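Protein chains: 2
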Amino acid sequence: MQRDTRQRRAIRRVFMSAGRPLTLDEILQYGQRIVPSLGVATVYRNVKTLVREGWLSRVKLPGGGLRYELADRPHHHHFLCNSCDQAFDVHRCPDEVETLAPDGFQVDSHELILFGRCAACA
Amino acid sequence: MQRDTRQRRAIRRVFMSAGRPLTLDEILQYGQRIVPSLGVATVYRNVKTLVREGWLSRVKLPGGGLRYELADRPHHHHFLCNSCDQAFDVHRCPDEVETLAPDGFQVDSHELILFGRCAACA
DNA sequence: CCCGTAATGATAACGGTTTATCGCCCCCTG
DNA sequence: CAGGGGGCGATAAACCGTTATCATTACGGG
Chain A
1 MQRDTRQRRA IRRVFMSAGR PLTLDEILQY GQRIVPSLGV ATVYRNVKTL VREGWLSRVK
61 LPGGGLRYEL ADRPHHHHFL CNSCDQAFDV HRCPDEVETL APDGFQVDSH ELILFGRCAA
121 CA
Chain B
1 MQRDTRQRRA IRRVFMSAGR PLTLDEILQY GQRIVPSLGV ATVYRNVKTL VREGWLSRVK
61 LPGGGLRYEL ADRPHHHHFL CNSCDQAFDV HRCPDEVETL APDGFQVDSH ELILFGRCAA
121 CA
């Protein structure tokens with residue numbers, strides 16, 4: 001039986017108001033503003049469950065640990081700030097992308113990452 | 001004084017015949033075919049030196065550790081095989097890429113990664 | 001060819017992320 | 001509202017990539 005705990009609700013709220021991919025530390029930090037006692041293990045457990053349920057998806061970006069975002073987002077890419085290390089969404093995408101692979105290579109998906117300084121850091 | 005050791009020559013040879021970004025394990029593995037006694041520490045040391053000398057460059061791709069490739073390559077991107085985890089070069093690039101960032105974001109560089117199965121795994 | 005010294009390599013240690021443990025708490029059903 | 005059991009959270013521990021240590025090896029100038 002899946003219980004509806006304060007902690008799990010907090011984690012969901014964090015993602016619904018974030019609008020960008022979050023690291024585990026960010027989830028923990030923002031979640032503790034709602035439930036101050038929130039612990040690391042709980043975040044790991046719930047994130048794993050939410051991914052299994054299809055509510056979150058893993059975002060693999062270079063460096064550090066995995067990030068997570070709401071799974072129901074339309075196709076998009078990411079901007080990674082070299083200064084604050086936060087990830088942001090990029091809503092446009094060059095479309096011919098998957099035709100660039102060498103012959104014989106089968107493309108399943110792609111990721112475009114822009115590196116630089118975000119609006120707050122620039 | 002910079003000595004020209006068998007190990008360092010082996011590592012350079014590995015990169016010159018690889019033609020794709022290599023993880024540290026791959027460098028070690030291929031290098032040991034030339035110098036069987038080659039150790040991890042030596043690979044880390046020489047790779048770091050070769051990066052400092054500008055002969056190698058770091059390639060940050062999602063997952064696992066850093067990869068390295070020859071530094072003198074022209075602008076290109078990468079294909080990452082979901083099956084064997086090897087990285088390959090993609091020589092074409094959609095050009096308007098850096099204009100995709102949100103307003104106020106300053107783009108320094110970008111990386112386009114295609115995921116799928118390489119020719120050998122497909 | 002010899003010697004000084006930088007480089008090697010086996011191994012231990014480190015730092016960061018993720019998972020396991022376990023006593024206590026609190027969500028849910030009856 | 002009471003009891004059972006899933007969830008929580010502090011902590012320990014597993015894990016992985018990387019770096020430090022140090023006795024030994026071997027490059028290369030003289």
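Line order of the protein sequences matches chains A and B.
When we follow our numbering, the leftmost residue of the first sequence carries the number 1, and every step to the right adds one.
When we follow our numbering, the leftmost residue of the second sequence carries the number 1, and every step to the right adds one.
Yeah, the Cβ is synthetic: ideal placement off N, Cα and C, and Gly gets one too.
Remember, predicted model here, so these are calculated numbers, not experimental data.
Label residue i either buried or exposed according to how many other C-beta atoms from any shown protein chain fall within 10 Å of its C-beta, with 16 as the threshold for buried.
{"i": "A/H77", "result": "buried"}
{"i": "B/V40", "result": "exposed"}
{"i": "B/R91", "result": "Reading off the sequence shown, one finds His at residue 91 of chain B, where the question assumed Arg. When all chains shown are included, B/H91 counts as exposed."}
{"i": "A/R67", "result": "buried"}
{"i": "A/H110", "result": "buried"}
{"i": "A/E69", "result": "buried"}
{"i": "B/G116", "result": "buried"}
{"i": "B/E96", "result": "exposed"}
{"i": "B/E26", "result": "buried"}
Quick one: list the residues of chain B neighbouring residue i, beta-carbon separation under 8 Å, in chain order.
{"i": "A/V90", "result": "L100, A101 and P102"}
{"i": "A/D108", "result": "N82, F115, G116 and R117"}
{"i": "A/A122", "result": "G104, F105 and Q106"}
Which of the three DSSP states is assigned to residue i in this structure?
{"i": "A/Q29", "result": "helix"}
{"i": "A/L61", "result": "coil"}
{"i": "B/L142", "result": "Because chain B in this structure spans residues 1 to 122, residue 142 of chain B falls outside the shown range and cannot be described."}
{"i": "B/D95", "result": "helix"}
{"i": "B/R73", "result": "coil"}
{"i": "A/L22", "result": "strand"}
{"i": "A/L50", "result": "helix"}
{"i": "B/R67", "result": "strand"}
What is the C-beta distance between residue i and residue j, in whole angstroms, given that I count them as a contact (C-beta under 8 Å)?
{"i": "A/L61", "j": "A/I113", "result": "6 Å"}
{"i": "A/L22", "j": "A/F15", "result": "7 Å"}
{"i": "A/C121", "j": "A/C93", "result": "24 Å between Cβ atoms; not a contact."}
{"i": "A/G31", "j": "A/V43", "result": "7 Å"}
{"i": "A/L38", "j": "A/Q7", "result": "6 Å"}
{"i": "A/F105", "j": "B/F105", "result": "That pair is no contact at about 31 Å."}
{"i": "B/A10", "j": "B/I34", "result": "4 Å"}
First and last residue of the alpha helix (DSSP H) that includes residue i?
{"i": "A/S37", "result": "Unbroken run through A/S37: none, as it is neither H nor E."}
{"i": "A/V14", "result": "R6 to A18"}
Taking residue i as the query, report the chain A residues whose CB atoms sit under 7 Å from its CB, ordered along the chain.
{"i": "B/P94", "result": "P94, E96 and V97"}
Just curious, the beta strand (DSSP E) that residue i is in, first and last residue?
{"i": "B/H110", "result": "Q106 to R117"}
{"i": "A/D89", "result": "A87 to V90"}
Below 7 Å on C-beta distance, what does residue i contact in chain B?
{"i": "A/G63", "result": "K60"}
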